[in-house]
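Residue numbers (the numbering used here), protein chains in the order written: chain A, 1 to 280; chain B, 1 to 249.
Take a look at the structure below.
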Ligand SMILES: Nc1ncnc2c1ncn2[C@@H]1O[C@H](COP(=O)(O)OP(=O)(O)O)[C@@H](O)[C@H]1O
Ligand SMILES: [Mg+2]
């Protein structure tokens with residue numbers, strides 16, 4: 001396999017994937033009243049890639065993330081591979097930087113102590129942990145707030161603290177579950193650009209859940225669309241918009257073309273969820 | 001600023017109450033048996049000042065020792081119950097049953113076991129303090145948010161780290177509620193414990209005042225017990241506001 005001869009997109013497919021999901025399923029509840037949350041998911045993510053995952057609410061995105069983080073075991077049908085190694089149930093705990101949907105800051109800890117929590121758990125000395133966190137404060141726009149408590153911060157700042165905590169847990173694979181879902185539109189678009197800057201600097205592999213199509217296209221190297229529940233991968237689209245991306249990219253013809261295509265697919269799935277709900 | 005803080009404290013209300021007591025009793029010719037004049041109560045307090053002080057310290061000591069041992073045992077039991085479900089199922093109902101035995105019934109046995117010593121009052125105080133502290137510790141430890149637990153696990157936290165960094169801090173405000181209830185009960189336990197026989201203590205003085213129908217003395221003791229309770233509760237509140245100010249989200 002001589003990748004130098006191949007076109008970029010094919011070359012990407014031949015590099016060993018950072019994360020690979022093969023026929024992953026998750027069913028909840030006893031057999032007679034079973035909820036299939038995730039069905040037959042196949043997905044490969046290359047090192048350093050920024051992949052956005054979009055799908056109607058309740059389609060199993062968070063469940064998929066919980067499996068990749070090692071918090072729940074996938075059913076026996078398939079497997080999850082990290083750097084080409086098959087992972088045992090719960091074997092992924094401690095290997096993936098996972099940021100859940102809520103910020104989940106600890107109210108009794110100051111901002112800096114919240115950020116250094118994963119380092120503390122890893123056994124890094126308090127002094128070293130703080131030094132590493134302090135270096136990130138300007139970049140995360142939290143300078144001067146080190147000794148504040150979470151209840152003293154705005155929603156956007158809390159989210160940045162949670163992101164800093166995730167980044168300080170230095171794992172190559174980062175899972176972000178709707179990190180900007182609760183923010184107002186202005187803050188959200190600022191945070192998106194900021195996240196791309198941070199990502200460009202640190203080059204981790206990112207898997208990012210959202211239910212916002214603009215956000216998915218603006219951030220991603222690849223947008224993966226999930227179907228309504230039981231969720232599986234409906235399609236994936238590579239986004240070749242040049243980087244670094246400015247906010248103005250969302251008004252270009254190319255962006256709008258991609259959006260139109262994806263919107264059609266996503267709408268179809270959302271309608272299924274909606275239709276299912278009214279029939280039930 | 002200073003005056004504002006003073007006005008918002010309970011102090012002005014206390015002054016008003018004292019004034020009312022001082023003026024209303026002679027004005028309405030209330031019999032001393034029901035409510036002695038404030039002056040008589042103050043005079044009586046001054047006459048028994050050394051006894052009162054000794055009794056205050058003694059009861060305070062019994063309460064504090066009983067409370068701390070009860071708190072240590074209660075927190076340990078709460079942690080044990082939270083950690084091992086079989087312990088909760090096997091032992092907790094027994095504690096509940098024991099709890100419903102009135103202290104009075106149980107005080108006589110304690111005196112037989114420990115005699116008329118400090119220890120018997122301490123035991124009664126700790127017996128009363130133990131239960132609410134154990135229950136609140138258990139409840140608090142069960143309050144840890146499952147999503148935060150999942151986050152900790154994703155960071156690779158051990159169960160020890162999970163306990164120290166998440167479950168315990170989450171439980172502290174609830175444990176604090178138990179501690180404050182336990183403190184009031186420990187004081188009641190110490191006073192009641194003294195009724196089973198002793199020579200020093202506010203409870204002893206209460207019993208004597210009742211026996212000899214010394215009404216002003218009763219009021220002196222009621223106020224002193226109230227003062228002691230307020231002091232203890234206020235101290236606990238101060239510690240809470242300083243160290244355990246957060247609430248579950
Ligand atoms: N622990 C669980 N037990 C039972 N059903 C669950 C559990 N977790 C998730 N589900 C169900 O799986 C489906 C997918 O949920 P989720 O992954 O949270 O969706 P999303 O994040 O895409 O909104 C939902 O119908 C939800 O009710
Ligand atoms: Mg979700």
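Beta carbons are placed, not taken as given, at the ideal position from N, Cα and C, and that holds for glycine.
- Set against 7 Å, the gap from the CB of residue 212 of chain A to the closest heavy atom of ligand 2 is not smaller.
- Pairwise C-beta distances place the stretch 131-151 of chain A out of contact with the stretch 203-220 of chain A, as fewer than three of them are shorter than 8 Å.
- With the criterion set as a beta carbon lying under 9 Å from some beta carbon of chain A, the members of the stretch 132-159 of chain B are 145, 147, 148, 150, 151, 152, 153, 154, 155, 156, 157 and 158, in sequence order.
- Residue 81 of chain B is positioned such that its CB atom lies no closer than 8 Å to that of residue 228 of chain B.
- Any Cβ of chain B closer than 8 Å to the Cβ of residue 69 of chain A would place that residue at the interface, and such an atom is present.
- Beta-bridge annotation (DSSP): residue 27 of chain A is paired with A:36.
- In terms of beta-carbon proximity, residue 74 of chain A stays away from the interface with chain B, with every pair separated by 8 Å or more.
- Taking the beta carbon of residue 108 of chain A as reference, the chain B residues within 7 Å of it are 169 and 246, listed in sequence order.
- Residue contact check for residue 132 of chain A against chain B: no CB pair falls below 8 Å.
- With a contact defined as Cβ atoms closer than 8 Å, residue 95 of chain A and residue 63 of chain A miss out at about 19 Å.
- In the DSSP assignment, residue 208 of chain A forms a beta bridge with A:52 and A:176.
- Within the same chain, and ignoring the five residues on either side of residue 174 of chain B in sequence, the residues whose Cβ sits closer than 7 Å to its Cβ are 136, 139, 140 and 143.
- The DSSP-derived three-state label of residue 223 of chain A is strand.
- What residue 118 of chain A touches in chain B, judged by beta-carbon distance under 7 Å, is 155, going in chain order.
- Under the DSSP assignment, residue 167 of chain B falls outside any beta strand (DSSP E); it carries neither an H nor an E label.
- Out of B:243, B:238, B:220 and B:104, the CA that lies nearest to the CA of residue 46 of chain B is found in B:220.
- In this structure, residue 143 of chain A sits away from residue 129 of chain A, with a CB-CB distance that is not shorter than 8 Å.
- Within the same chain, 173 come within 7 Å of residue 247 of chain B by CB-CB distance, once the 5 residues on both sides are set aside.
- If the five residues before and after residue 99 of chain A are omitted, its C-beta is found closer than 7 Å to the C-beta atoms of 162, 163, 166, 175, 176, 177 and 179, all from its own chain and listed in chain order.
- Under the Cβ criterion of 8 Å, residue 126 of chain A is not counted among the residues facing chain B.
- Secondary structure note for residue 88 of chain B: its alpha helix (DSSP H) is the uninterrupted segment 85-99.
- For residue 62 of chain A, the Cβ falls inside the 7 Å cut-off from some heavy atom of ligand 2.
- Its chain contains no residue whose beta carbon lies nearer than 7 Å to that of residue 199 of chain B once the 5 sequence neighbours on both sides are disregarded.
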